[in-house]
Every structure is written in C-alpha cells, then in structure tokens.
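J.:
Chains as they are written, first to last, in our numbering: chain Y, 9 to 168; chain S, 5 to 761; chain H, 2 to 272.
1) Would you mind giving the Cβ-Cβ distance between residue 372/S and residue 259/S, rounded to the nearest angstrom? I have them listed as a contact below 8 Å.
2) Going by beta carbon distance, what residues of the same chain come within less than 6 Å of residue 138/Y, once the five residues before and after it are set aside?
3) Just to confirm, are residue 380/S and residue 302/S a CB contact at a threshold of 8 Å?
4) Against chain S, with Cβ distances strictly below 8 Å, would residue 234/H count as a contact?
5) Under 6 Å Cβ to Cβ from residue 299/S, same chain only, skipping five residues before and after it: list those, please.
6) Residues in its own chain within less than 6 Å of residue 426/S by CB, not counting five upstream and five downstream?
7) Need the endpoints of the alpha helix (DSSP H) that residue 107/S sits in, please.
8) Using Cβ-Cβ distances below 7 Å, what residues of the segment 93 to 110 of chain Y are close to chain S?
9) Kindly indicate which three-state DSSP category residue 172/S falls into: helix, strand or coil?
10) In whole angstroms, what is the alpha-carbon distance linking residue 505/S and residue 530/S?
11) Have a look at residue 42/Y and residue 361/S and give me their C-alpha separation to the nearest angstrom.
12) What number of angstroms, rounded off, separates the C-alpha of residue 109/S from the C-alpha of residue 97/S?
13) Could you compute how far the alpha carbon of residue 38/S sits from the alpha carbon of residue 111/S?
14) Using a Cβ-Cβ cut-off of less than 7 Å, list which residues of the segment 42 to 53 of chain Y approach chain S; keep chain order.
15) Using a beta-carbon distance below 8 Å, is residue 67/H in contact with chain Y?
16) Determine, using beta-carbon pairs with one atom in the segment 19 to 33 of chain S and one in the segment 82 to 102 of chain Y, whether at least three such pairs fall under 8 Å.
17) Under a Cβ-count criterion, where at least 16 other Cβ atoms within 10 Å of its own Cβ denotes burial, should residue 648/S be classed as buried or exposed?
18) Just the Cα atoms here: how many angstroms apart are residue 130/Y and residue 695/S?
19) Is the segment 145 to 153 of chain H touching the segment 230 to 241 of chain H, taking contact as three or more C-beta pairs under 8 Å?
20) I'd like to know if residue 170/H contacts chain S, where contact means its C-beta is closer than 8 Å to some C-beta of that chain.
21) Considering only C-alpha positions, which residue in the set 190/S, 357/S, 206/S and 512/S is nearest to residue 309/S?
22) Need the endpoints of the alpha helix (DSSP H) that residue 62/Y sits in, please.
23) Select from the segment 128 to 140 of chain Y all residues with a C-beta closer than 9 Å to any C-beta belonging to chain S, and list them in chain order.
24) Go ahead and label residue 118/H buried or exposed: buried means 16 or more other beta carbons lie within 10 angstroms of its beta carbon, across all protein chains shown.
25) Select from 171/S, 216/S, 282/S and 477/S the residue whose C-alpha is nearest the C-alpha of residue 208/S.
26) For the alpha helix (DSSP H) holding residue 273/H, just list the boundary residues, first then last.
27) Mark residue 345/S as exposed unless 16 or more other C-beta atoms lie within 10 angstroms of its C-beta, in which case mark it buried.
28) In angstroms with no decimal places, state the Cα-to-Cα distance between residue 195/S and residue 67/Y.
29) Taking 8 Å as the CB-CB cut-off, is residue 493/S touching chain Y?
30) When the distance is taken between beta carbons, is residue 122/H closer than 8 Å to residue 129/H?
31) Which residue marks the beginning of the beta strand (DSSP E) containing residue 78/Y, and which one marks its end?
32) Going by DSSP, which residues form a beta bridge with residue 65/S?
33) Which of helix, strand or coil does DSSP assign to residue 167/Y?
34) CA-CA distance, residue 250/S and residue 16/Y?
35) Taking Cβ to Cβ, would you say residue 525/S is nearer than 8 Å to residue 488/S?
36) For residue 227/H and residue 193/H, I'd like the C-alpha separation in whole angstroms.
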C-alpha cells in the first residue's frame with residue numbers, strides 16, 4: 009500500500025507492507041537511531057514523535073502514520089546534542105543503546121511539563137528502560153539540563 | 005592536565021547521544037540473509053524425522069540446515085582461554101535437543117516473512133524423552149543430559165557426563181568439622197538464587213560475510229572477539245585463519261556476551277551459501293535461549309563464639325549449568341572464593357557440584373557466582389548477628405580481613421590493598437546507621453528496617469588473562485591506540501586513553517583509540533572477569549612507557565646525542581644541559597622518513613595475582629505490613645576499587661550494578677512451567693527495574709592503592725552487583741522479622757513470612 | 002509477530018462494521034497489545050480517520066471516543082476534577098507515557114483484560130459503552146458479554162455527584178496490578194469494582210448506609226467485601242494474597258472516601 013508522511017520534515021511517499029511497524033520503516037529510511045529492545049511495548053527504546061507526541065514506533069503501524077509528521081532523534085540533532093552533552097558529562101550515556109528513545113522522551117517532557125519535580129520526571133520517563141546506568145546519572149543530567157535551560161545558560165553542558 | 009582520577013567524558017559519547025549508526029545492525033550489509041532457528045518445544049527429545057522440503061519451496065529461502073548438515077565436532081560456546089574449563093558438549097545442531105528452545109534447524113532467507121513461513125513449514129517428529137528439570141535430582145539421575153561418547157572435558161574440573169556432572173570439587177584449610185564442633189554457635193542455612201537475566205538493551209546479534217580473501221568476517225555484539233574467532237572456527241571445523249571478528253559499539257553485555265550465542269548460526273549460513281547473513285535475537289530468544297546467571301543453591305555452615313568471633317565457614321554450592329556447560333566449572337568457584345575470604349577464620353571448606361539439567365544453558369553474568377555465594381555467606385553472618393543480638397556492622401568489624409592479611413580461601417593471596425573496614429564504616433555513616441538504629445515504626449504504620457552487606461570480587465584471572473595494547477606515534481605527534489579489550493558502554497576505550505595520556509603527558513584529544521578487530525588488535529582475552537581497567541590498563545601504561553623510550557631513542561639518533569641525556573615532556577625531547585630540543589611533531593615526521601626505529605609498541609600483560617576490590621553497602625527499606633510491599637528508600641555504598649580512574653564512569657558502574665542487584669533481589673523472577681518452558685520470556689513478564697522502582701542510590705569511594713595495578717587501580721565492574729541481595733534481605737528482616745532466602749523478595753513472600761496470609 | 006494482509010483506514014463506521022464481520026479481520030486500536038505474539042489478520046481495520054479521539058464534556062456526561070488515548074484521559078482536566086484524580090491514579094502506572102500515547106480507551110475497554118486498570122476504574126462509575134450495532138450498553142453488562150464483532154464507538158460516563166477512589170498494588174511500579182480496586186459512591190450506593198483477580202474486573206453495589214462508621218467496622222466491611230469476589234492465582238501473586246491485599250486496599254479506599262465526604266461537608270458548612 010502507499011503511504012505519505014513527513015519524516016523529520018522531509019515529505020515522502022512510499023510503497024509499504026500493511027503490517028510494517030513504524031520502527032522498521034524509519035530505520036529503512038536511514039533513521040538508525042531508532043532501536044528495538046523488546047517485542048512487548050515495554051522498553052521505550054523505539055520512541056519517536058508522531059505529530060509531536062512521543063509514541064512507541066514498535067507499536068504504531070506505518071500505515072497508521074499516514075499524513076503525520078514523524079520525528080526521530082536525527083530530526084532534533086541540535087537539541088539532542090544540547091541535552092546529550094549533559095548526559096555525557098555524567099557518564100550517563102553508557103552503552104548508548106537506549107539513549108535515542110530516552111532523549112526523545114526527555115525532550116518531549118521538556119516541551120510538555122513545566123518545572124517538573126523529581127517524581128514527575130521519573131513518572132514521565134518510566135517507560136524508558138536502561139540497564140547500564142541505574143538511572144541516577146540520567147536524573148542528574150536532566151536536572152542540570154533543565155536548570156540550565158531555565159537560566160538560559162549556553163547549551164554546551166558547562167555548569168559552574 | 006591529569007586524566008587519571010578525573011571525570012573524563014567518554015570518547016564515543018557524542019556519537020551515542022546523537023544516535024549515530026555504530027551498532028551491529030546499523031552497520032550490517034543491507035543484503036544480509038535473515039537467519040532464524042526453529043526451536044525445540046520439548047525439554048528433552050530425539051529428532052526422529054525432520055522434513056524441510058516444503059519449507060525449502062518458500063520463495064526467497066536460501067538455506068535450511070539440520071543436524072545432518074553440521075560438523076560432528078563438539079565445542080563449547082564459553083568465551084574462555086583455551087583449553088577451556090567448560091566442556092566440549094555441543095554441535096551447532098544435534099539430533100538430541102536438551103531444553104525448550106534448543107535449536108532444531110537453521111533457516112536463512114531474503115526476508116523475515118519468508119523465513120517465518122519456512123519455519124512454520126518444517127515438519128519435525130520427536131521422540132520425547134524424560135527430562136531432568138529439578139537440579140536437585142540431576143546428579144546420578146538415570147536420565148542423562150549428555151550420554152554421548154564424544155563429550156569431552158579438556159580440563160580436570162571433576163566432570164562426568166555419565167553422572168550429569170559438569171564439574172565438582174572440594175577444597176579447604178584446617179579441620180572445619182572439629183572447629184564447628186567446638187563452636188558455641190553453629191549456623192546451617194540454605195539459599196536459592198535463580199537464573200536471572202543480564203537484560204542488556206541490545207539483544208544478541210551477529211552478521212557474517214566473506215571478505216576479499218574468502219575469509220568469514222564476523223561483525224558481532226560480543227565481549228570476547230578473540231574467543232569468538234576460535235569458537236566459530238571450532239564450530240564450523242575450519243582453520244582459525246579463515247575467521248576475522250570485529251566488534252562495533254555494543255549495547256551492553258554484563259557478561260551475557262562472554263558466551264557465543266548467535267555467532268555460529270549466520271556463520272554457518274555464510275559458509276554454506278557464500279552470502280552475508282545476520283541473526284538478530286528477539287527479546288524472547290534473549291530470555292529463553294541465551295546465557296543467564298547460574299541458578300545456585302548455596303548451603304552455608306558457620307561456627308562462632310558467643311562473643312561474635314567467627315571461627316569456621318563452610319560453603320557447599322549446587323549449581324545448575326542447564327543443558328550445556330558454558331562457564332559451569334568456573335562460576336561455581338567464585339561462590340566460595342569471593343565470599344569466605346572476607347572473614348578471618350580458623351578453618352574453611354568449600355565444596356561444589358555443577359549439574360546438567362534440561363533447562364537453558366547458563367553463562368556469565370556480572371558477579372559470576374560471587375553474587376550467589378555472597379548472598380548466602382553475608383546473609384548467614386546477618387543471621388548470626390540477629391541470633392547473638394549484635395549489631396551486624398559491629399559483628400563484621402570484629403571479623404573482617406584487613407590490608408596485609410593472607411586470604412587462605414582466595415588462593416592464599418595477600419590482601420595487598422584493602423579498605424574494607426573503611427568502606428563498611430563509611431556506608432554505615434552515610435545511611436545514618438548509628439542514629440537511626442535497625443528498625444523504626446512510622447506513624448502511618450509502615451516499618452523501616454536497615455541492613456548491611458559487604459562484597460569482594462577479583463581483578464582479572466591471575467596467571468591466565470592477557471591484556472594487550474598497541475600504541476603508535478602518528479602524523480604530527482598524535483597517537484593511535486589499538487586495543488583488544490571490548491568497550492561495552494563501560495568506557496574502557498576512554499579509560500585506556502586516560503592512562504596513556506597521563507603517561508605520555510599529552511591531551512586525551514591527541515589520542516585516537518580503536519578496537520576491536522582480531523586482524524589488527526593485539527591479543528586480549530576480552531572484557532570479562534573484571535579485567536580491563538586492571539590488566540589492559542597496565543598494558544597501556546607499559547606500552548606507553550616503552551613508546552617513550554623509543555621516542556627518546558629516535559630523537560637521540562636525530563639529535564646525535566645519547567638517549568640517557570635526553571628528557572621527554574610530552575611535547576618535545578630536550579637536553580636539560582644546553583636546551584637543545586626536538587618537538588614531538590618533528591620526531592613523528594622524522595619517523596616517517598629514512599627511519600629504522602619503529603615508534604610503535606605492543607605490550608601484553610598478565611598478572612600473577614587478582615587483587616580484590618572491596619565494598620560495603622547499607623539498605624534502608626520501608627515495608628507496608630498490610631501488603632508486604634517493599635520500598636527501597638535509600639541505598640548507600642562505599643567502594644574500594646583502588647585508584648578511581650574515571651570518577652564519573654566508576655560512579656555510574658556502581659549505580660548501575662547496584663540497580664541490577666536490586667532488581668534480582670526484589671523484582672526479577674524466573675519461572676518455568678512443568679514441561680520446562682521458560683515463561684519469564686519478555687520484559688512484560690520479566691520485570692527489570694524502571695526508574696520508579698530504583699530508589700535512591702548513593703555511592704562513595706574509599707580508595708586503597710594497589711601496587712600491581714595501573715596508577716594503583718583495581719577493578720570495579722562486577723563487585724558492585726553483590727551487596728543488594730544480602731543488604732536488602734537483612735533490612736527486610738530488621739523491619740518485619742522475615743528472612744527471604746529465595747530471591748526475589750516479593751511482597752507475597754514477605755506477607756507469608758509474617759504469617760499474615 | 003503481527004501479520005496483516007491489508008490495512009484499511011475506513012471512512013465510516015458502517016464500513017468498519019462490515020469488515021469486522023469477517024473472522025480474521027480485526028480492528029487495530031492502539032496496537033500495543035495486538036502486536037504481541039503470533040497473529041495473522043486478513044484486514045486490519047483502522048478507525049483513526051473517523052475523528053473518534055474526542056473527549057467531550059457536557060453538563061451531564063463525558064463522552065470519550067474509542068480512539069482517545071489513555072494519556073489524554075489521564076490529563077483531561079474535566080475527568081481529573083470529576084474523579085478527584087482517580088482517573089490519573091488508575092492510568093499513571095501503565096508502562097509509560099509513550100505507551101499511553103498509543104493505547105486507546107476503545108482497546109482497553111473492548112479487550113476487557115483481567116489486568117485492566119481502566120476497566121476497573123470506569124466500572125465504578127455510571128458508564129455505558131456505545132456500540133455501533135448494539136447501541137448503549139451499561140459497562141457493568143458489557144464486562145460480562147462475550148467478545149463479538151460489534152464495534153465499540155465510545156465510552157459515556159454520566160455525571161453524578163460522585164466520590165471515587167482508585168487503589169492498586171503492583172510488584173513493580175509499571176507492572177500489571179496484583180490487586181486493583183475502585184470504590185465510589187453515587188445514587189445512594191457504594192460501587193465496588195475489583196480488578197486483577199486476575200480475571201476481568203467485577204462490580205458489587207451496596208446501599209450507602211452499609212458503610213460502617215468506625216475504623217474497626219471499615220476493616221471488617223472491606224474484608225467481607227473482598228470475600229465476595231473470586232480470586233485466582235498466576236505467577237504474579239496467589240489468590241490468597243490477592244484477596245488479602247484487595248481487602249486492605251478496599252479499606253483504604255473506603256477510609257479515603259469517608260474522608261472526601263467529610264471534607265466536602267466541612268467545606269459546605271464553611272460556605
């Protein structure tokens with residue numbers, strides 16, 4: 009079947025199988041940041057934005073994405089670098105395999121929540137599993153990043 | 005600037021956080037055949053008939069292989085130094101299947117859909133056999149998991165396939181029975197740890213293809229590239245020279261990828277078809293047919309005086325290696341070797357049996373047997389404290405080893421660097437041990453309890469593991485380092501560069517690190533056994549020191565002076581007497597023209613000792629006595645890993661390892677049905693902690709100095725997973741008086757223990 | 002793996018209903034559960050072109066379209082206010098935000114899963130499902146109906162002067178519940194919905210005046226209520242444990258309910 013959508017603001021039309029998950033589709037379009045960690049909608053590694061909302065690309069069929077705007081980490085490179093610098097400064101990126109889905113959801117959280125508490129942050133990101141970090145370094149990075157955004161510090165991960 | 009003991013950012017960090025295509029499936033050739041296997045539905049069976057004709061007719065199918073098509077040469081998939089202690093007990097495919105999930109046929113095709121359809125069309129007739137599912141009944145069971153005559157054990161590990169015995173042994177010092185008989189207090193306790201899963205986010209995966217020279221190239225998510233080279237060649241029965249292994253970035257390992265899990269399947273497909281092939285394990289496959297922790301039942305007998313002096317410890321471990329023996333004979337050793345030595349005793353004994361059963365084969369998981377043994381011994385010490393009415397921290401202070409002590413249960417090694425007591429005191433102070441006491445009833449009826457545990461591990465396998473580093477001076481005074489150790493997210497590429505930068509007195513940005521490619525990297529056993537920082541790190545230090553000598557020699561030649569008169573400060577070689585100098589830039593340039601002094605050094609390092617890192621930790625839990633629900637409020641840990649090389653990465657290693665330990669203590673459960681099928685086969689059923697489950701984890705370091713390690717460093721990767729089980733179950737006991745001896749400590753078990761239900 | 006021959010984004014409910022009469026055709030709601038396991042569909046029916054993702058609030062009813070996602074429901078100001086936060090409490094544990102941006106109310110309610118928090122919650126409200134062919138059916142009847150080929154179009158929640166509390170317990174924060182209950186009071190009755198038995202949720206309705214006034218009374222009453230439900234075992238928890246914890250949660254919910262009422266009375270007096 010034919011599908012027409014915007015992938016990272018690039019308008020594309022493709023012939024696809026009816027059962028093609030969005031995850032495999034975006035990878036086939038070169039968005040290799042998007043990873044699969046499970047088959048049961050539990051890990052959050054495959055998180056992309058559909059019309060600006062974080063969704064599990066393993067669970068959304070490509071056919072369902074007709075007419076939508078899909079964003080992967082490749083499409084928000086500057087923001088990924090800005091937050092990523094804070095994550096790297098903590099050593100929290102570790103193996104990196106969960107990073108893209110995690111960062112997509114951190115950025116979605118930044119857009120959706122105002123002044124989130126630690127508990128708000130944990131709850132918003134609960135669907136992003138990580139096995140390396142124990143989550144503490146991610147939390148430190150998020151808090152420093154949000155603080156820097158609030159103080160409008162330069163986006164290079166440097167703090168006092 | 006000094007890099008050792010600094011929070012250096014990982015060299016690959018920005019590539020990872022921006023999602024660059026650096027993992028196996030991002031790099032695989034686009035025209036790979038998709039490889040999957042048909043798996044046995046039976047725990048134990050013989051294939052009577054297998055028909056593939058209908059499956060072969062599916063369009064796009066390139067190859068279907070059964071037991072008739074593979075070499076009849078047994079091998080092991082354990083990533084260990086040859087001759088491997090793990091028995092040679094498998095073929096790639098075999099007529100006998102030994103667990104639910106054991107491969108029956110390999111199918112390769114152009115699309116996943118074609119392969120899935122072909123898998124459905126393979127018709128297999130099984131003769132179902134009785135299975136050994138309970139590891140207590142395995143030894144000398146009339147049902148043999150490996151009755152075959154060509155089963156082979158290469159090392160004297162006490163194995164006997166005609167008894168379902170993968171390994172057995174006994175060791176000790178002093179007369180344990182006599183000392184126990186003389187003790188005022190005798191404990192006899194049994195603990196059970198299940199075959200929990202590493203659950204790295206990137207599942208097992210490999211692609212293979214032929215290169216220009218007709219050799220099989222293996223691009224694999226592995227911790228052991230050099231062992232993979234040997235194992236793949238053994239499995240395919242081809243010369244080692246025909247195999248090249250490349251490790252890209254890998255999405256976590258935790259020991260899981262110290263075993264060959266996927267490599268052999270695409271490799272045999274590429275060998276048979278000449279085509280590139282790849283196998284990407286599903287999460288389910290990663291859960292049912294992989295390399296989890298060895299299930300162990302550990303019995304501890306401990307004798308003490310009424311004053312708390314511990315006089316004898318005996319550990320007896322029954323370990324379940326499952327259907328195949330990967331890491332069976334070695335993991336069990338750590339259950340005694342890394343638990344008993346933390347205490348000064350008059351006598352000890354350590355006995356073990358490792359048995360085959362018709363369950364998934366176990367492998368290596370962070371802690372590697374120490375986790376199981378430490379849970380048992382530390383819990384028994386906590387029970388002793390409870391029995392004596394003593395503070396468990398105070399009890400430990402009376403009995404633990406100190407720097408300079410000989411550890412008879414640890415190969416007689418001396419604790420040459422040991423801040424165990426400092427760690428114990430610090431972890432206790434961090435949680436407020438003295439002020440808070442062991443138990444607090446809260447106004448809302450919930451009850452808080454506090455517990456403690458200690459742990460040790462090793463740093464590399466002594467007299468065995470090899471760590472190697474190649475360092476060379478390149479254009480304009482930059483350096484290249486080539487390693488064979490395998491960064492799996494832990495940051496060892498960066499840590500090696502930190503050592504090198506400090507020795508070479510240069511900026512870390514001036515050093516490029518590359519690894520791993522078995523064709524170009526110097527030989528390294530791989531990243532396991534807590535070896536990389538300690539062993540490969542030392543190789544880096546020595547290699548760089550030798551390179552400095554070469555730099556001086558070349559400069560001396562060009563400056564027409566004696567090398568002994570010259571100094572190197574990282575930027576130039578100079579003569580202090582008259583100020584004559586030659587810049588590193590010019591030396592590098594000179595090395596590339598009319599030169600016979602190679603500015604490239606490879607250094608290989610092994611260690612006669614394996615100095616243990618030590619740590620102590622305290623847990624504070626809050627229990628809802630009406631529901632049994634446990635909340636981990638605070639977890640404090642203090643680690644002695646010698647010199648902390650990268651302050652960020654050491655902290656994150658500790659936090660991450662602790663949460664894995666917390667996961668296996670409170671949440672992660674393994675469960676099989678009566679037919680031997682593993683039903684904890686997804687992240688829906690096997691619950692690793694989310695960030696809402698993690699609780700607060702606080703980490704500090706108290707560093708001893710290990711003179712045999714690089715810049716005084718020891719290991720950190722594994723020791724960090726060992727304390728949560730005994731510390732948290734101790735805290736649960738303090739709160740509600742219930743000992744949980746079989747993990748995980750679920751609310752239901754706690755409530756049953758409290759006799760509420 | 003989910004295999005689908007054909008994907009049809011329907012243009013009317015009539016078209017969807019027609020397609021849905023064929024045995025191996027199926028409506029694809031959020032897709033988060035459907036894709037688990039091996040399944041082959043002839044036609045996957047997509048309702049997302051029918052603007053069924055609405056949450057409409059009028060003076061006397063909430064109308065929630067079948068394609069409204071759980072995340073929209075848990076953050077809907079009207080529903081949050083109406084349920085005093087119970088709607089968020091019942092949904093916030095479900096896997097993660099990305100999951101809840103996919104999972105739909107239609108899928109959750111139609112599926113009538115034993116683990117469903119959402120079903121347990123709405124069962125304690127005056128809710129009806131709007132079926133394309135079957136018309137309006139009270140949720141408490143729908144929960145017992147066998148799966149058929151009708152199409153769930155919307156969930157309607159009639160506004161009542163209501164007090165409602167949701168409680169659940171899980172082995173991990175984002176796991177299925179091992180005990181889940183919603184307790185509400187409206188129309189002079191207590192509505193006690195118990196899920197995670199682990200079979201699908203059941204509802205019990207009792208006259209409000211059965212509610213005891215003392216702490217001891219509440220505890221005994223909650224245990225008696227829990228005793229009226231049938232519990233089973235699975236690997237997450239045994240029947241005995243589920244019954245016990247359900248009793249504990251019901252007692253807590255009843256206490257909170259009493260607290261809510263008291264609070265409201267006091268506020269009323271102050272006004």
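Built from N, CA and C at the ideal position, the CB exists for glycine as well.
T.: According to the structure data:
1) If you number the second chain from 1, residue 372/S lands on position 368. If you number the second chain from 1, residue 259/S lands on position 255. At roughly 7 Å, the Cβ-Cβ gap stays under 8 Å, so residue 372/S and residue 259/S are in contact.
2) Taking the first chain and counting its residues from 1, the one referred to as residue 138/Y is at position 130. Around residue 138/Y: 106.
3) By one-based count along the second chain, residue 380/S stands at place 376. By one-based count along the second chain, residue 302/S stands at place 298. Cβ distance < 8 Å, so residue 380/S and residue 302/S count as in contact.
4) Walking along the third chain from the start, residue 234/H turns up at place 233. It does not: the Cβ of residue 234/H has no partner Cβ on chain S nearer than 8 Å.
5) Taking the first residue of the second chain as 1, we reach residue 299/S at position 295. 198, 199 and 324.
6) Numbered from its first residue, the second chain carries residue 426/S at position 422. Here the set comprises 706.
7) The residue labelled residue 107/S in the question sits at position 103 within the second chain. Where residue 107/S is concerned, there is no enclosing alpha helix (DSSP H), although the beta strand (DSSP E) it sits in stretches over 107 to 113.
8) 95, 96, 97, 98, 99, 100, 101, 102, 103, 104, 105, 106, 107 and 108
9) Numbered from 1 along the second chain, position 168 holds the residue referred to as residue 172/S. Three-state result, residue 172/S: strand.
10) Translated into positions along the second chain, residue 505/S becomes position 501. Translated into positions along the second chain, residue 530/S becomes position 526. The straight-line gap from Cα to Cα measures roughly 22 Å.
11) By one-based count along the first chain, residue 42/Y stands at place 34. By one-based count along the second chain, residue 361/S stands at place 357. So the alpha carbons of these two residues sit roughly 39 Å apart.
12) Numbered from 1 along the second chain, position 105 holds the residue referred to as residue 109/S. Numbered from 1 along the second chain, position 93 holds the residue referred to as residue 97/S. Spanning the two alpha carbons is a distance of roughly 7 Å.
13) Taking the first residue of the second chain as 1, we reach residue 38/S at position 34. Taking the first residue of the second chain as 1, we reach residue 111/S at position 107. Spanning the two alpha carbons is a distance of roughly 8 Å.
14) 45, 46, 47, 48, 50, 51 and 53
15) Taking the first residue of the third chain as 1, we reach residue 67/H at position 66. So no, residue 67/H is outside the interface.
16) yes
17) If you number the second chain from 1, residue 648/S lands on position 644. Residue 648/S comes out buried.
18) Stepping through the first chain from its first residue, residue 130/Y is reached at position 122. Stepping through the second chain from its first residue, residue 695/S is reached at position 691. Their backbone Cα atoms lie some 6 Å apart in a straight line.
19) no
20) In the third chain, counting from the first residue as 1, residue 170/H sits at position 169. Yes, because at least one Cβ of chain S sits closer than 8 Å to the Cβ of residue 170/H.
21) Here residue 309/S refers to the residue found at position 305 of the second chain. Comparing Cα-Cα distances from residue 309/S to each of 190/S, 357/S, 206/S and 512/S, the minimum goes to 190/S.
22) Position 54 of the first chain, counted from the start, is the residue given in the question as residue 62/Y. Unbroken run through residue 62/Y is the beta strand (DSSP E), 61 to 64; no alpha helix (DSSP H).
23) 129, 130, 131, 133, 134, 135, 136, 137, 138, 139 and 140
24) By 1-based counting over the third chain, the position of residue 118/H is 117. Buried, because 16 or more other Cβ atoms sit within 10 Å of the Cβ of residue 118/H.
25) Within the second chain, the letter at position 204 stands for residue 208/S. Measuring from the Cα of residue 208/S, the nearest candidate turns out to be 282/S.
26) Residue 273/H lies beyond the range of chain H shown here (2 to 272); nothing can be said about it.
27) Mapped onto the second chain, residue 345/S falls at position 341. Residue 345/S should be labelled buried.
28) As a working note, residue 195/S is residue 191 in the second chain. As a working note, residue 67/Y is residue 59 in the first chain. Roughly 41 Å between the two C-alpha positions.
29) What you label residue 493/S is simply residue 489 of the second chain in a count that begins at 1. It does; some Cβ of chain Y falls within 8 Å.
30) Position 128 of the third chain, counted from the first residue, corresponds to residue 129/H. Position 121 of the third chain, counted from the first residue, corresponds to residue 122/H. Taking 8 Å as the Cβ cut-off, residue 129/H and residue 122/H do not qualify as a contacting pair.
31) Here residue 78/Y corresponds to residue number 70 of the first chain, with the count starting at 1. Taken as a continuous stretch (DSSP letters only), the beta strand (DSSP E) holding residue 78/Y covers 77 to 79.
32) Your numbering for residue 65/S matches position 61 in the second chain. Residue 65/S is bridged to 113/S.
33) Counting from one through the first chain, the residue named residue 167/Y turns up at place 159. Caution is warranted here: a pLDDT of 46 is assigned to residue 167/Y, below 50, making its placement in the model unreliable, and the coordinate value is therefore given only provisionally. Coil.
34) By 1-based counting over the second chain, the position of residue 250/S is 246. By 1-based counting over the first chain, the position of residue 16/Y is 8. Rounded to the nearest angstrom, the two C-alpha atoms are 32 Å apart.
35) Within the second chain, residue 525/S is the residue found at index 521, counting from 1. Within the second chain, residue 488/S is the residue found at index 484, counting from 1. It is a contact, given that the beta carbons lie within the stated cut-off.
36) Here the question's residue 227/H lines up with position 226 in the third chain. Here the question's residue 193/H lines up with position 192 in the third chain. The straight-line gap from Cα to Cα measures roughly 9 Å.
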